[in-house]
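A.B. asks: Got a structure here, written out as structure tokens. Questions coming.
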Amino acid sequence: MNRISISFLLLCTLTIGACSKSDTATEPPVVAGNTRPANLSQYNKVTAGLKDYFTAGEYFTMGAAITPSTVDNTDASKLLKRHFNSLTAENGMKWSSLQPNEGTFKFADADKIVAFAQANNMKVRGHTLCWHNQSPDWIFKNGTATASKELVLQRLRTHITTVMNHFKGKVYCWDVVNEAIDDGSNIYKATNWYNICGEDYIIEAFKAARLADPAAKLFYNDYSEVSPAKRDKIYDLLKKLKAQNLVDGMGMQGHWNINYPSNQLLSDALEKYKSLGIEIQVNELDVSVYNTNTDPQTTFTSWLEQNQATAYGRYFNIFRSYKGTITGVTFWGVADNHTWLDNFPVTGRKNYPFLFDTAYNPKQAYFTVINF
Ligand code: G3I
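Take a look at the structure:
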């Protein structure tokens, strides 16, 4: 944004009645007393953050996935309070964290995240009630034998009901089932869940969730969600769930990179999911600086910084054009000092996927994303 448009925005926000409604409709208001910084020095002089630019403009909540220790880190918690109004537990609400052994529920870590969110007026997304990773083996065993479908579904219902009751009124939406769709030619991934229960585990999970907390919004969440073959299988599942009023939204994970996806792929996917009349949230956004598993480790060069900013700009321009349908965007982390991508798909290859660098300062991508 150039200096002229910044001045214009300031004038709009500070001069009551100076702008007609149609002027402000295209350009959401900036929080009074703040403008959109274009560089670090301006950033340090204002207090507004992502949530002010996006939620105040009635786009979507801005979220981050965190661990319980994130809230104890002074720099990280300061950044969270400035920029985010939604939190997700990166691991703390997964089955292995909440019910590592049958009947033994451990809520302390997740409760710590929820308490921080509540103290700071942030929403909490629940992630995730049913997934094939981070699910203890006992779910699928009866002694040394494989558990029956009936037993597995009963355990699923008990877990979902207990967890959702515990967080009722504190967690506004849940990723009920995560990553059930196959990456190859099958419809469903051949997980323990699917091998024992078939498709029924998905339906039963959503039914139990709806029953446990009718006020909670229920999401299906997956990756490679813009890839046409997988997208269409996800669409079919969502359609089936929607027909039974079991799902409220699609969670697009958003594990992307500086070149992928194209605007076309992203818009096509959004259009397709939107056609079901459900909400969409981008739940695990990170933009890797690597394109392939064989790219060698790099430092965060200015070339990468520019290219990542361009990619982030593209993605957020499209997100904003789905105002009313996209209701939340959550980063799968806070700043570049902590990301699962440092160990995936290559162990120990440092990545820089977020809007904030390893010292919690905004990167070029931040300024590009808020510049609208
Ligand atoms: O909890 C143990 C700890 O006891 C042990 O000392 C330590 C040693 O490595 O491991 C800890 O477990 C790790 C866990 O994260 C908690 O830190 C696991 O090894 C590690 O595999 C696990 O990774 C998580 C991954 O899901 C598991 O698949 C990542 O942090 C988390 O970011 C990632 O999140 C997933 C989403 O839930 C779903 N979509 C994909 C996304 C990225 O994989």
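Numbering (the working numbering), first residue to last: 37 to 408.
Every residue, glycine too, gets a C-beta built ideally from N, C-alpha and C.
#1: So, for L377: in the same chain, excluding its five sequence neighbours on each side, which residues have a beta-carbon less than 7 Å away from its beta-carbon?
#2: What do you get for N121, buried or exposed, if any count of 16 or more other CB atoms within 10 angstroms of its CB means buried?
#3: Does DSSP put E320 in a helix, a strand or coil?
#4: State the DSSP-derived secondary structure class of E94, mapped to helix, strand or coil.
#5: For P104 versus K159, is the C-beta spacing smaller than 9 Å?
#6: Of all the options C233, F408, I239, which has the alpha carbon lying nearest to the alpha carbon of L14?
#7: Which of the three DSSP states is assigned to H119 in this structure?
#8: F380 by DSSP, collapsed to three states: which one?
#9: Hey, would you say the C-beta of G202 is under 8 Å away from at least one heavy atom of the ligand G3I?
#10: Measuring from the CB of W368, is there a heavy atom of the ligand G3I at a distance below 8 Å?
#11: Which class does D258 belong to by DSSP, given the choice of helix, strand or coil?
#12: Kindly examine the ligand G3I and report whether one of its heavy atoms sits closer than 8 Å to the Cβ of Q289.
#13: For the ligand G3I, I want to know if Y259 counts as a neighbour, meaning its beta carbon is within less than 8 Å of at least one of the ligand's heavy atoms.
#14: Rounded to the nearest angstrom, what separates R356 and Q333 at their Cα positions?
#15: By the three-class DSSP mapping on this structure, what secondary structure does R72 have?
#16: Determine, using beta carbons only, whether N295 and V382 come nearer to each other than 9 Å.
#17: Work out the CA separation of E138 and D88 for me, nearest whole Å.
#18: Give the straight-line distance between the Cα atoms of D219 and K399, rounded to the nearest whole angstrom.
#19: Secondary structure at V365, three-state DSSP: helix, strand or coil?
#20: Secondary structure at M288, three-state DSSP: helix, strand or coil?
#21: How far does the alpha helix (DSSP H) with V405 in it reach, from first residue to last?
#22: Does the separation of the CB atoms of D258 and Q289 fall below 9 Å?
#23: Output needed for A241: all residues of its chain with C-beta closer than 7 Å, excluding positions within five of it in sequence on either side, in chain order.
#24: Are there 16 or more other CB atoms within 10 angstroms of the CB of P415, so buried, or fewer, so exposed?
#25: Classify N319 as buried or exposed, calling it buried when 16 or more other Cβ atoms lie within 10 Å of its own Cβ.
#26: H163: beta carbon under 8 Å from a heavy atom of the ligand G3I?
#27: Considering H163, what are the terminal residues of the beta strand (DSSP E) in which it resides?
#28: With distances taken between CB atoms, is the gap from W210 to F255 smaller than 9 Å?
#29: In the DSSP assignment, what residue or residues form a beta bridge with Y224?
#30: Output the distance between the C-alpha atoms of Q8 and D304, rounded to the nearest integer angstrom.
#31: Determine whether the beta carbon atoms of M200 and A153 lie at a separation below 9 Å.
#32: Going by other Cβ atoms of all chains shown within 10 Å of its Cβ, with 16 needed for buried, is N293 buried or exposed?
#33: In whole angstroms, give me the CA-to-CA distance for L115 and A100.
#34: Tell me the start and end of each unbroken beta strand (DSSP E) in the segment 132-216 that is at least 3 residues and wholly inside, in chain order.
#35: Quick check: does the Cβ of N127 come within less than 8 Å of any heavy atom belonging to the ligand G3I?
#36: Please report how far the alpha carbon of V150 lies from the alpha carbon of S132, in whole angstroms.
C.D. replies: Reading it off the structure:
#1: Non-local beta-carbon contacts of L377 in its own chain, meaning distances under 7 Å to residues more than five positions away in sequence, involve D322, S324, N387, P389 in chain order.
#2: Under this definition N121 is a buried residue.
#3: Note: E320 maps to strand in three-state DSSP.
#4: coil
#5: Cβ atoms of P104 and K159: not closer than 9 Å.
#6: There is no way to answer for residue 14, as the model of the chain reaches only from 37 to 408.
#7: helix
#8: In this structure, F380 counts as coil in the three-state DSSP scheme.
#9: The identity of residue 202 in the sequence shown is His, whereas the question assumes Gly. Result no, Cβ not under 8 Å from the ligand G3I.
#10: yes
#11: Of the three classes helix, strand and coil, the one that applies to D258 here is strand, per DSSP.
#12: yes
#13: At least one heavy atom of the ligand G3I is found less than 8 Å from the C-beta of Y259.
#14: 33 Å
#15: Correct three-state label for R72: coil.
#16: no
#17: 43 Å
#18: 33 Å
#19: strand
#20: DSSP places M288 in strand when its eight states are reduced to three.
#21: Where V405 is concerned, the enclosing alpha helix (DSSP H) stretches over 400-406.
#22: yes
#23: L165, C166, L192, I196, V212, V213
#24: Because the chain spans 37 through 408 in this model, residue 415 falls outside it and cannot be assessed.
#25: buried
#26: yes
#27: Run containing H163: 159-166, per the beta strand (DSSP E) assignment.
#28: yes
#29: I217
#30: With the chain covering only 37 through 408, there is no way to say anything about residue 8.
#31: no
#32: Classification for N293: buried.
#33: 11 Å
#34: 159-166, 209-214
#35: yes
#36: 18 Å
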